[in-house]
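Numbering (this note's numbering), first residue to last: 1208 to 1642. Remarks on the structure that follows.
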């Protein structure tokens, strides 16, 4: 679907905040059309807020009196029709031709599996929305939180291997369902996890642990390569390249782990996710931050990597709420609470500012301020959001507060003095749990 078609569908949609699946996919990829949808929702809200006209009996009588006071209209007689020679009507022939074309066109459309290009599909089974699956994103986020607390290379290696397995499954699913560009992007993320994350972390394992764990990793990589090869036959046009790249990366990483090949370098170009709030960019942020978390031992920098995930989640909540998707906004709000409770707050508590130098103190303060700003963005948007978006935002804020739970760091607390350990700033009032 192109932008022009998406704009027409937005104007024709009965509920612009709940667009059809094909239009929703386009909105997730196109920032310009999301702005159009947001302006359309704001316009609807302003129209509903306009004062209603008076509908009493007195108002109708006054209106009738105003009509009676108007001067009568002059009646102009219509000219007599000219005499014309009678022609034979072509309407029966036109009607038969139109019916034949309609029947032929309907039969052709129904015979196509995806309907006409650029229109909504006419299919016998429901269309599966494209892009990464929410469940996959949630499971990879859980691995990020494990990496934010991981203390040794074995734990980090296990979490990275689980992320690689999730990405392998997701690439195969996307190769069948699309969109094709996501196959290449997610395949590139898989390549970085196995070629950079797994190979590098395996080199830091103690010799006593390396042999058994590396053997398991090589088996998993070989299995992923074989499954990718087997999925090529059923892949969409253009998606087979992503599967082949995945298989090559898995075999290269396996060869490097066994010592039969040099450490591989990623073959696909680097991908920097945008702050769009889409599941695609959220998945990319999670994977790239996971690689950084696996290499990082400083709790302050770990907290900042989790801040990057929190900011992407905030953008996802805003995108879902602008479309009236309360369920997704609430789900992402719960994930935001997990990140703040398990990723940011524990790492900030590990920072000893008592013996820290001024640059370290300044960096800690910056990270703490960044933590509070993520939730404050939601709070500010709740206050100025159109009525249709407020329920979804409110649910997201409540879900984030519930996931933190009472008594958690950063919950109703301010920063401690400079002589002690720092903690995240107090959350805005709208995020603090009542009771």
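Just so you know, even glycine gets a beta-carbon here, dropped at the ideal spot from N, CA and C. Here the structure is a predicted model, which means the values were calculated and not measured.
- Mark residue 1213 as exposed unless 16 or more other C-beta atoms lie within 10 angstroms of its C-beta, in which case mark it buried. So residue 1213 ends up on the buried side.
- Note down, in chain order, each residue of its chain lying with its Cβ closer than 7 Å to the Cβ of residue 1373, except the 5 sequence neighbours on either side. Result list for residue 1373: 1343, 1346, 1347, in chain order.
- Task: Inspect the CB distances between the region 1511 to 1529 and the region 1454 to 1471 and report whether three or more fall short of 8 Å.
- Result: Taking 8 Å as the limit for Cβ pairs, the verdict is that the region 1454 to 1471 does not touch the region 1511 to 1529.
- Item | Delimiting residues of the alpha helix (DSSP H) encompassing residue 1588 | Its alpha helix (DSSP H) spans residues 1565 to 1591.
- Proximal residues to residue 1352 (C-beta, below 6 Å), its chain only, five neighbours per side dropped: Closer than 6 Å at Cβ, skipping near neighbours: 1549, 1550.
- Query: According to DSSP, is residue 1225 helix, strand or coil?
  - Reply: Per DSSP, reduced to three states, the secondary structure at residue 1225 is coil, with no helix or strand assignment.
- Query: Can you tell which of 1566, 1525, 1569, 1509 has the C-alpha that lies nearest to the C-alpha of residue 1547?
  - Reply: With distances taken between Cα atoms, residue 1547 lies closest to 1509.
- Would you call residue 1210 buried or exposed, if buried means 16 or more other Cβ atoms sit within 10 Å of its Cβ? With fewer than 16 Cβ atoms within 10 Å of its Cβ, residue 1210 is classed as exposed.
- Query: In chain order, what residues of the same chain lie with their CB nearer than 6 Å to the CB of residue 1360, ignoring the 5 residues before and after it?
  - Reply: Contacts found: 1408, 1411, 1412.
- Neighbourhood of residue 1636 by C-beta distance below 6 Å, restricted to the same chain and skipping five residues each side: In this prediction, residue 1636 scores a pLDDT of 39, lower than 50, which makes its location untrustworthy; the coordinate-derived value is nonetheless stated afterwards. Answer for residue 1636: no residue qualifies.
- Message: Quick test of your reading: residue 1398 and residue 1486, contact by CB under 8 Å. State the CB separation rounded to the nearest angstrom.
- Response: 20 Å between Cβ atoms; not a contact.
- Item | the region 1533 to 1541 in contact with the region 1221 to 1240 per 3-pair CB rule at 8 Å | Touching, no.
- Task: Flag this pair as yes or no: are the beta carbons of residue 1368 and residue 1450 separated by less than 8 Å?
- Result: Residue 1450 is positioned such that its CB atom lies no closer than 8 Å to that of residue 1368.
- Item | Selected residue, minimal CA-CA separation from residue 1541, among 1386, 1568, 1579, 1604 | It is 1604.
- Query: Where are the alpha helix (DSSP H) runs, 4 residues long or more, that stay fully inside the region 1519 to 1573, in chain order?
  - Reply: Correct list: 1533 to 1545, 1552 to 1556.
- Message: Would the region 1426 to 1437 count as touching the region 1520 to 1530 if we require 3 or more Cβ pairs under 8 Å?
- Response: Judged by Cβ distances under 8 Å, the region 1426 to 1437 makes no contact with the region 1520 to 1530, as fewer than three pairs qualify.
- Message: Just to confirm my understanding: we take residue 1526, look at its own chain, exclude 5 residues before and 5 after, and list those with CB closer than 6 Å. What are they?
- Response: The answer, listed in chain order, is 1484.
- Message: Looking only at its chain, what residues have a beta carbon closer than 6 Å to the beta carbon of residue 1589, apart from the 5 residues adjacent to it on each side?
- Response: Within the same chain, residue 1589 has close Cβ partners 1600.
- Can you tell me which of 1463, 1553, 1598 puts its alpha carbon nearest to the alpha carbon of residue 1524? Comparing Cα-Cα distances from residue 1524 to each of 1463, 1553, 1598, the minimum goes to 1598.
- Item | Classification of residue 1544 by the beta-carbon crowding that lies within 10 angstroms, buried from 16 upward | For residue 1544, the number of other beta carbons within 10 angstroms of its own is at least 16, and it is reported as buried.
- Message: Once the 5 residues before and after residue 1390 are set aside, which same chain residues still bring their CB inside 7 Å of it?
- Response: Answer for residue 1390: 1378, 1381, 1382, 1446, 1449, listed in chain order.
- Message: In this structure, how does DSSP classify residue 1484 when only helix, strand and coil are distinguished?
- Response: Residue 1484 falls in the coil class under three-state DSSP.
- Query: Around the C-beta of residue 1319, are 16 or more other C-beta atoms found within 10 angstroms, so that it is buried, or is it exposed?
  - Reply: Model confidence at residue 1319 stands at a pLDDT of 41, short of 50, so the residue's coordinates are unreliable and nothing is read from them.
- Should residue 1488 be labelled buried (16 or more other beta-carbon atoms within 10 Å of its own) or exposed? Classification for residue 1488: buried.
- Task: Would you kindly check if the distance between the Cβ of residue 1505 and the Cβ of residue 1574 is under 8 Å?
- Result: With contacts defined as CB atoms closer than 8 Å, residue 1574 and residue 1505 fail to qualify as a contacting pair.
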